[in-house]
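Structure, as structure tokens:
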Amino acid sequence: MASGKLVLIDGHSLAYRAFHALPQEMSAPSGEPTNATFGFMQMLLTVLEQERPDYVIVTFDKGPSFRVAKYEAYKAHREKMPEEMRQQMERIRELVEAFGFPIVELDDYEADDLLGTLAKQAAEQGLDVVIVTGDRDALQLVDEHITVLTSGRRFSDTIRYALDDVREKYGLEPKQLIDLKALMGDRSDNIPGVRGVGEKGAIALLKQYGTLDELYAHLADLSPRYRRALIAGREDAYLSRDLATIDCHAPVELDLESARVGKGFDRDRVMALMRELGFRSLVPRIPVLGEASEDREGHQLLLFEQEEESSVASRSRALGKYEPVVDEAQLRDLCARLSKATAVAVDTETTGLDAMRAELVGISLTDAPQMGWYLPLLAPAVEGGQRPLDLETIQRHLAPILANGEIEKRGHNLKYDMKVLERFGLPVSGRLFDTMVAEWILNPDSALGLKSQAWIRLGLQMTEITDLIGKGQTQTTMDHVTLDTVVPYACADADIAFRLADMLEPELREREQLTLFRDLEMPLLHVLKEMELRGIKVDLNWLRQLSEELSQRLAALEARIHQQAGRTFNINSTQQLSQVLFEDLGLPARGIRKTKSGHYSTRASVLENLRGLHPIIDDILAYRELAKLKSTYVDALPSLVNPETGRVHTSYNPTGTVTGRISSTNPNLQNIPIRTEEGRRVRRAFVAEDGCLLFSADYSQVELRVMAHISKDPGLIEAFKRDEDIHATTAAAIYQVPLDAVTYEMRSTAKAVNFGLIYGQSAFGLARQLGIPVEQAQAFIDRYFERFPRVRDYMQCIQAEAAERGYVETLLRRRRYFPELQEGSRASSNQRQAALRMAINMPIQGSAADIIKLAMLRLHRMLREQNLGGRMLLQVHDEVVLEVPEGELQETSRVVHEAMEHAIELDVALKIDVEVGPNWLDMHPE
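Each residue of the sequence shown is one higher than the one before, counting from -13 in this note's numbering.
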């Protein structure tokens, strides 16, 4: 007799559940889909952690089941496996093989049959068996030795079914579940069951009569309804029982030796696959597996916990030689060394993520790989209760190093560290090398975190911050972590950034992107840092007034909605709203998806399609818009005002988009709605300081001008050179009317065509946007290309280029990669079509992003050269907002026009629209 625990995994059902449970957008750095693969790995690791098995076997379906011969409709309604999932099944097999777990599959048999056969064989040999599956079909196998684990409501959760669990859930024995399916059927497998008998009735009948055979033996005792149903459905009942029965006598033999955990485990291969697939978050959970010992209570447990033996400090220390600097003599020696370096990496430890409010806990520095020094300012009491170093001492010695323009400053997400350091009297000057930005330029879709980059590029697993400060309610801050723990963690951050810079610079040079990095992105960090430190003043009184007004409007809308619904309900509850709309009011639900709770969706796109069917729809949409505006901006902005400066300091993310556009958070300026009157009024809260005005400079149709330059279309170029209204020009072309006959509605349609084509929009997409027939949309597109044929040539050429090279470039050689278009790609046809559309847009939108950044650099420099007091505060889309002393408006306007309209020379002139005012709303042309 054998002993121990065997885990049997239904690979196919787990992968299927994961594919439909996790976001379809999940992908590897190469672009291949990974949601099913990630979910499978997540569940596999959970099972290894929870069960600590001695043996593991994975089963898969292989071709049609023998059940199809009995019943052609068996599972026939299921759609063909999506291409995205089929590709991932191969990846899942690779991972299973790398773990050394045997794969069992057999023609004519489903994975359930193999699970059942192997489980019964193992139980007969005395093993405990755990079956891991994505559905409950295997519950019929549960007995004293066999347990079933299924995924829960969230895929990562597990539900355990032992004998008592099955009895509690169904009130039946596991073997009776076969007859339960015989009666109630199973839609997911197309098992017919008995028409007219549901789950509740079937369970009641089986509780009373025990089996399907006994039920038919006592037909005379049943109610007329059940008797008629069972007589009519006898054939389907016994067919369904055959289909639902797991065959536990499949021709497979249990081979425990090949299934022994650790026997064929190839850690290097597993780690290589983790890197390839981008599964860094799962890496810490990869166990150290080896041959299992007979002493299961001792050695086998160690196999799964071996990595936990090493402390946070020792794991980080293994990356390099890291030392604390705790007295002035050490600091003096270190700074003497750093002053001779050509490059120094710097990283800060703080008490929080808000660089404008966080306390500086310590600074880590290095000038060489695998070395590092940590300067602590805040730490738990050391001997004598004294702090190791004071800020003034650090400033005296370190400030000249950081201000030295000849020394390159390296780091990861340097702008954060620069802001913190400047707040504490340690401003950073000179050349920068931000490894996060460098990686973003090289691989815009990559995971950009330092820990991710260390893993992907160096194969090093760094300590997570939560290992030091914890998480959730027990989370502390870095100033409460002991020095011996902080030193290796902090120094590793500087060390790894230094090493990554050495790797990234040659790649940037090889791809001819070093100029983009050195001359644009790095100097821009200084500009963005200054904008963030400066912040913008906010009128709190206006926000309070606007909040009260919105509260009154929301109350009025709520009352009207309740009146129209005929009852009160929680408008913010999607379930209650669904019930009101589709049950109480009877609005049509055809084609509307149901949520996981079983209610029809009430998302905005659904409600938009219901406009005009009932007045309540307009009011609900208005209510949602006002509620979001109030909670996200009007009520949130006051909490973002820094108590020390009285200003809001938004944070700009230079790597926030793949196109090169700058994004912002706290607040997200790009998302402040400007198409509605209420949304625009939020801008009224952003005001100038006394004696100053806000000065807005917004590029006019910069993307269309870039399109003209890149496509070299003579008609488009001439239209801009004649300073025509480009949307009116397009309207005249697509409607085939003279320019002076173009109406407002025609121009609006033409505007949608102009910008839609930039984004690779199809006739179908344009038709849906404009609410017109597809044929008419296609006619508009055809006429556009007749008027501007070189635009079509550009689109065709850039798509061909993307497919051939795997990437496209902006005017400044910023790239976006499209692995989906490469030969041998695992991408689906939908993914490839989406990639082709993005390939059209990237050179245009990305070049526009390059231009606004060039303009910001020029403007920043020229304002200082001219000794003007105006300073940039905000950057949103194609707009820059400055705060300008009232007496310098004319001179500042001249500088802004020069800086922005000549940021780059194109075949068509760049133009800006300028407005001035006391706040961001009440502005007038300058």
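Note that the Cβ used here is the ideal one computed from N, Cα and C, for glycine as well.
Of the residues the options, the one placed nearest residue i, counting alpha carbons only
| i | options | result |
| --- | --- | --- |
| LEU926 | PRO659, SER587 and GLY855 | Any answer about residue 926 is impossible in this case: the structure gives the chain only from -13 up to 912. |
| MET842 | THR119, GLY338 and HIS512 | HIS512 |
| ARG246 | ALA541, HIS6, ILE43 and ILE189 | ILE43 |
| ARG253 | GLU80, ILE712 and HIS600 | GLU80 |
| TYR609 | ALA575, ALA542 and ARG597 | ALA542 |
| ALA341 | MET12, HIS635, PHE804 and GLU731 | HIS635 |
| LEU892 | PHE706, TYR803 and ALA14 | PHE706 |
| GLU11 | GLY(-10), GLU70 and ALA215 | GLU70 |
| HIS(-2) | PRO19, THR45, ALA7 and LEU8 | THR45 |
| ALA820 | SER811, PHE804 and GLU809 | PHE804 |
| TYR224 | ILE660, ILE177, GLN111 and LEU205 | ILE177 |
| ASP199 | ASP172, LEU166, ARG211 and GLY182 | LEU166 |
| PRO237 | PRO310, ASP121, GLU91 and ALA203 | GLU91 |
| ALA694 | PRO39, ASP779 and LEU0 | ASP779 |
| ASP175 | LEU208, LEU(-8), ARG53 and LEU242 | ARG53 |
| PHE410 | HIS888, ARG382, ALA476 and SER811 | ARG382 |
| ILE164 | GLN852, ALA230 and VAL180 | ALA230 |
Beta-bridge partners of residue i, as assigned by DSSP
| i | result |
| --- | --- |
| ALA331 | THR352 and ARG396 |
| LYS307 | MET357 |
| ARG181 | Bridge partners of ARG181: none, in fact. |
| VAL116 | VAL(-7) and THR133 |
| ILE898 | TYR685 |
| PRO362 | GLY348 |
| GLU710 | None, per the DSSP bridge assignment. |
Reduced DSSP category for residue i - H, G, I as helix; E, B as strand; rest coil
| i | result |
| --- | --- |
| GLU295 | Low confidence applies here, because GLU295 scores a pLDDT of 36, under 50, leaving its location unreliable; read the following figure in that light. GLU295: helix per DSSP, three-state reduction. |
| ASP(-4) | strand |
| PRO39 | coil |
| VAL678 | Looking at the sequence itself, residue 678 is Cys, so the reference to Val does not match. Three-state DSSP puts CYS678 in a strand. |
| LEU599 | coil |
| PHE774 | coil |
| ARG691 | helix |
| MET342 | coil |
| HIS910 | strand |
| GLU891 | coil |
| MET464 | helix |
| GLU594 | helix |
| ARG417 | coil |
| ARG271 | helix |
Buried/exposed call for residue i, threshold 16 Cβ in 10 Å
| i | result |
| --- | --- |
| LYS580 | exposed |
| SER564 | buried |
| GLY855 | exposed |
| GLY873 | exposed |
| PHE750 | exposed |
| LYS457 | exposed |
| THR878 | buried |
| CYS678 | buried |
| PRO386 | exposed |
| PRO474 | buried |
| GLY598 | exposed |
| HIS204 | exposed |
| LEU418 | buried |
| GLU761 | exposed |
Test: residue i CB closer than 9 Å to a CB of chain B
| i | result |
| --- | --- |
| LEU680 | As a matter of chain content, chain B is missing from the structure shown, which is built from one protein chain. |
Residue i CB to nearest heavy atom of the ligand HEM below 8 Å
| i | result |
| --- | --- |
| LEU191 | Absent from the structure shown: the ligand HEM. Ligands present: none. |
- request: Take every Cβ of the stretch 346 to 364, pair it with every Cβ of the stretch 504 to 519, and state whether three or more of those distances are shorter than 8 Å.
  value: no
message: Tell me whether the stretch 781 to 789 and the stretch 727 to 742 touch, counting them as touching only if at least three CB pairs, one residue from each stretch, are closer than 8 Å.
response: no
- prompt: Do the stretch 825 to 833 and the stretch 650 to 661 meet, that is, are 3 or more Cβ pairs less than 8 Å apart?
  reply: no
- prompt: Is the stretch 119 to 136 in contact with the stretch 146 to 160, if contact means three or more CB pairs nearer than 8 Å?
  reply: yes
- prompt: If you pair each beta-carbon of the stretch 810 to 826 with each one of the stretch 27 to 35, do three or more pairs fall below 8 Å?
  reply: no
The stretch 414 to 427 touching the stretch 211 to 226, judged by at least three CB pairs closer than 8 Å: no
- prompt: Counting Cβ pairs, one atom from each stretch, are 3 or more of them under 8 Å apart for the stretch 463 to 473 and the stretch 308 to 326?
  reply: yes
- prompt: Is the stretch 415 to 433 in contact with the stretch 483 to 494, if contact means three or more CB pairs nearer than 8 Å?
  reply: yes
query: Does the stretch 656 to 671 come within contact of the stretch 531 to 546, defined as at least 3 CB pairs closer than 8 Å?
result: yes
- prompt: Quick one: any contact between the stretch 390 to 404 and the stretch 321 to 328, if contact means 3 or more CB pairs under 8 Å?
  reply: yes
message: Taking 8 Å as the cut-off, does the stretch -9 to 8 touch the stretch 103 to 122 (at least 3 CB pairs, one atom from each stretch)?
response: yes
message: Any contact between the stretch 879 to 899 and the stretch 542 to 558? By contact I mean 3 or more CB pairs, one from each, below 8 Å.
response: no
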